[in-house]
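The structure under discussion appears below in the form of C-alpha cells.
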Amino acid sequence: MTSQVSSPAEQADESVVGEQRKAAGTKDVRRLDRVIIRFAGDSGDGMQLTGDRFTSETASFGNDLSTLPNFPAEIRAPAGTLPGVSSFQLHFADHDILTPGDAPNVLVAMNPAALKANIGDLPRGAEVIVNTDEFTKRAMQKVGYETSPLEDGSLDGYHVHPVPLTTLTVEALKDFDLSRKEAERSKNMFALGLLSWMYHRPTEGTERFLRSKFAKKPDIAAANIAAFRAGWNFGETTEDFAVSYEVAPAAAAFPPGVYRNISGNLALSYGLVAASRQADLPLYLGSYPITPASDILHELSKHKNFGVRTFQAEDEIAGIGAALGAAFGGSLAVTTTSGPGVALKSETIGLAVSLELPLLVVDIQRGGPSTGLPTKTEQADLLQAMFGRNGEAPVPVVAPRTPADCFDAALEAARIALTYRTPVFLLSDGYLANGSEPWRIPDLEELPDLRVQFAQGPNHTLDDGTEVFWPYKRDPQTLARPWAIPGTPGLEHRIGGIEKEDGTGNISYAPANHDFMVRIRQAKVDGIEVPDLEVDDPDSARTLVLGWGSTYGPITAAVRRLRRAGESIAQAHLRHLNPFPKNLGAVLGRYDKVVIPEMNLGQLATLIRAKYLVDAHSYNQVNGMPFKAEQLAAALKEAIDG
C-alpha cells in the first residue's frame, strides 16, 4: 500500500484555522472607538490591494470607514525610492466618520523609503510595523539614512514592531514550488494577515477573493492564502504583539438598509447605469483613458447587459465627438476625462451648447496645470467648467461631496441634461474617485423617473397653415428644444456649430437673432430648478463655512470639533455650482463672515464675490492631498475669533 502526500496547495486548503482565529486567552483585547492604519511600500509591493482587502473586510464587519489611496503617477516608479512609495490609509470606527483621518495610529512600512516618507505624519506613541529584511545598508542609503532608524533611537517615540516580513513569508511558503522572488511577492498578504489578527477583521472574504483572483493559478492562490494565514498566526503566537484590538460595528451610524463598500468612480458608474435605466435610454460612453477617470470606462465596459456601450477613442476629441453623436441619436451620452482632457474637449462642449443636446461631461479633477499631478487630487477645474469655452457657452455644473454621493450626483446631472437639453459638467476629483465609504444600496422606487418624450411630428403651424417641425421651438417652462431622433420622417433638421435661427434652426447671422439665442441659452441654464441650499446652524452662528465637492468630509469633521469645543459655526455645502441655489444670496447675507475652503486658489470664492458682492474669505490648499480636519478647525477658529 502506498501513502498519499498532499500538495502544498492541498495542505493550505486542508489547514484548519478556525480555532486559531480567536483571540488567545493569554493576550489582552482592547476596545477602541476608531483606528487609522496606513500601509506603505514600493508601488510594486501591493499596498493598494492590501488596503483594499482590509477595507472590504472592515466594511463587511459593519464599521464606518473612509479611505485615502495615494500612489505614484509612474506605472513602476524606481524601487526603494521616495517617489516610488505607494500608500493606502484607512480610517474605521464604531461611529459616523467623514474623513480618512489626519494622522495614522498604525504605519506598516515595507521598506526604508516607506518609513521615511510617512513617519512625519505619525503622532508620538503610534505603532510602527517595519519589514526589517528590507533595511539593508544600500536600501537605507538610497533614501538618505546614514544609520539605521531601527537602531539609532530616532524611533524611540513610537511603538516599533520589527518584523522580518520577507523571511517569514518565504519560510511559510517553503513547501510550495515557488522561487524565492515569487514567494516574496506574498509578503503583503502576510502583513494583511497580521493586521487582520490585530484588529479582529473577518478573513473569509479575503480567502475567497484570492481563490477567485488566482482561479487559473491555484498554486499561487494557495500560496497567498498560506502567507495570509501565516501572518495571522504570527500575530497570535509572537510575544511582540501582546495586545489585539476590537472596533465594534457602527450600528448607530447607518439608517436601515443593505450596504456595501464603494469607491467614488464605481458609485458614479453605477449612477450612470441607473440613470440610463430610469430614462429608458441606452447609455453611451465615448472616452479616452486618463487618470483618475479611467476606472469609469473600465467599469461601464462590463455592463453591456444593461444596454451600455463604451467606446475607447483614439483621443479626447474623438471621445466627446462620438458621445455627442450618440446624444444626437437618442442615447444618454457621457464622456469622462480629467482636467487636461476637458481643455481638448472644450470646442465640442461648445457645439453641444449650440446644438442643445443632453451630454454628461464627467471631469475627475486632478492636480494641474498641464499634466500636473495625475494621481493627486485637486478641485481647480471649476472656472474651466464655468468659462473654459469660446463665446457665451453656459453649462450647468454639479459636484458630488463624498464617494457614495457620486451615485446621486450622476442621477442629478442626468436629470438636468435630459430635462433641459444641455451638456452638464459633473465635477468629481481624485480623492472621491479612489476613496471609498459605505453606501446604502437604494430601492428602485427611490430613484427618479428620468424618462423623456422624443419629438414625434410637426410642432409648428406656418401662416399658410402648413404644419412643420421646428427644432428650436422651446418648452415654455424649461426652454428646452425638442429632441428629434434622426430618421424620424418629417423631423429632418440642420445641425452644426454656426448660429441657429430661433425656432427654425436655420443658419442665421442676424445680429438680433444671435443676441436672442445667446440670452435664451443663458436663461435656460439660469432657470434650472435646483433644491435650496440647506444650512446646518444650530446656534445662530455669525460665521458660515461654505464648501463644495470633496471638501465636505474635512469641513464637517472640523465643524464638529469646533462645536464640541463650544464654538458656534454654521455650515453649508453646494452641490449645484451653476446655477447656484436661488436662496444662496439670502443665506450668505445672514452671516458676518463667510469662509470658503477649497483645494485651489479660491475659484468658488471668486464666483461668490462676483455674484453676491460678499467679502468671502478663502482658505486654500493645492498640495495634491485633501484637507486635514485639525488644520481646517484651526483656520475656522481663527476666522471666528478674528
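Here our numbering is used: the first residue of the sequence shown is 376, the next is one more, and so on. For every residue, glycine included, the Cβ atom is placed at its ideal position computed from N, Cα and C. Only a predicted model underlies this, so the values are computations on that prediction, with no experimental measurement involved.
Per-residue burial, residue i [other beta carbons within 10 Å of its own, 16 or more giving buried]
i: I695; result: buried
i: S595; result: Going by the sequence as given, residue 595 is Ile instead of Ser. Classification for I595: buried.
i: F865; result: Residue identity differs from the one stated: residue 865 is Gly in this sequence, not Phe. The residue is exposed, with fewer than 16 neighbouring Cβ atoms inside 10 Å.
i: Q831; result: exposed
i: T544; result: buried
i: Y884; result: exposed
i: Q828; result: exposed
i: F565; result: buried
i: L1011; result: buried
i: I816; result: exposed
i: K592; result: exposed
i: D824; result: exposed
i: R856; result: buried
i: R576; result: buried
i: Q464; result: buried
i: P744; result: exposed
i: V618; result: exposed
i: A649; result: buried
Beta-carbon gap between residue i and residue j smaller than 8 Å
i: L570; j: G810; result: no
i: D439; j: P813; result: yes
i: R409; j: L482; result: no
i: S461; j: M515; result: no
i: V709; j: L658; result: yes
i: V683; j: L672; result: no
i: I724; j: A668; result: no
i: A808; j: S662; result: no
i: F609; j: M573; result: no
i: K1003; j: P929; result: yes
i: T666; j: M974; result: no
i: V910; j: V989; result: no
i: L735; j: G646; result: no
i: Y903; j: P851; result: Note on residue identity: the sequence assigns Ile, not Tyr, to residue 903. Contact: no.
C-alpha gap between residue i and residue j, whole angstroms
i: K957; j: G714; result: 28 Å
i: A601; j: A488; result: 27 Å
i: V633; j: G437; result: 11 Å
i: G568; j: R604; result: 6 Å
i: G1017; j: V970; result: 12 Å
i: R499; j: V535; result: 11 Å
i: A398; j: V404; result: Residue placement at A398 cannot be trusted, given a pLDDT of 41 that sits under 50; what the coordinates show is reported in the next sentence. Computed Cα separation, rounded: 8 Å.
i: K848; j: R896; result: 13 Å
i: G924; j: H948; result: 8 Å
i: A1009; j: I870; result: 54 Å
i: A627; j: L553; result: 47 Å
i: K402; j: T511; result: 33 Å
i: P886; j: M892; result: 10 Å
i: F844; j: H835; result: 6 Å
i: R396; j: R764; result: Low confidence applies to R396: its pLDDT is 42, below 50, so where it sits in the model is not reliable, and the reading given next is rough at best. Looking at the two C-alpha atoms, the distance is approximately 60 Å.
i: L548; j: A718; result: 51 Å
i: A1024; j: G495; result: Any property of residue 1024 remains undetermined from this structure, which presents the chain solely from 376 to 1017.
i: D505; j: F584; result: Correcting the residue type first, residue 505 is Val in the shown sequence and not Asp. Near 26 Å, if we compare the C-alpha coordinates of F584 and V505.
i: S803; j: G716; result: 14 Å
i: E582; j: T797; result: 47 Å
i: P631; j: S441; result: 20 Å
i: K899; j: R635; result: 38 Å
i: E689; j: T712; result: 13 Å
i: T474; j: A932; result: 7 Å
i: L664; j: F686; result: As written in the sequence, residue 664 is Pro, which differs from the Leu given in the question. Taking the straight line from one Cα to the other gives about 11 Å.
i: K720; j: D531; result: 54 Å
i: A468; j: A623; result: 7 Å
i: A551; j: H951; result: Looking at the sequence itself, residue 551 is Phe, so the reference to Ala does not match. When rounded, the distance between both Cα atoms is 57 Å.
Residues sharing a beta bridge with residue i, DSSP
i: S669; result: Answer by DSSP bridge pairing: none, since S669 is not bridged.
i: K875; result: I882
i: H835; result: V843
i: A947; result: V910 and L921
i: G661; result: F686
i: R413; result: Q464 and L482
i: S638; result: S811
i: A708; result: Y659
i: S728; result: Reading off the sequence shown, one finds Val at residue 728, where the question assumed Ser. Paired residue(s): none; V728 is not in a bridge.
i: T442; result: L465
i: F800; result: V736 and V772
i: D403; result: V618
Closer than 7 Å: residue i CB and nearest the ligand COA heavy atom
i: F551; result: This structure simply doesn't include the ligand COA, nor any ligand for that matter.
is_contact[residue i, chain B] using C-beta, thresh 8 Å
i: L1011; result: Annotation note: the requested chain B is absent from the structure, which comprises a single protein chain.
4-residue-minimum alpha helix (DSSP H) runs that sit fully inside the segment 516 to 580, ordered along the chain: Whole alpha helix (DSSP H) segments, 4+ residues: 540 to 547, 555 to 559 and 562 to 573.
Contained beta strand (DSSP E) runs [length at least 3] in the segment 579 to 633, N- to C-terminal order: Within the segment 579 to 633, the complete beta strand (DSSP E) runs of at least 3 residues are 618 to 622.
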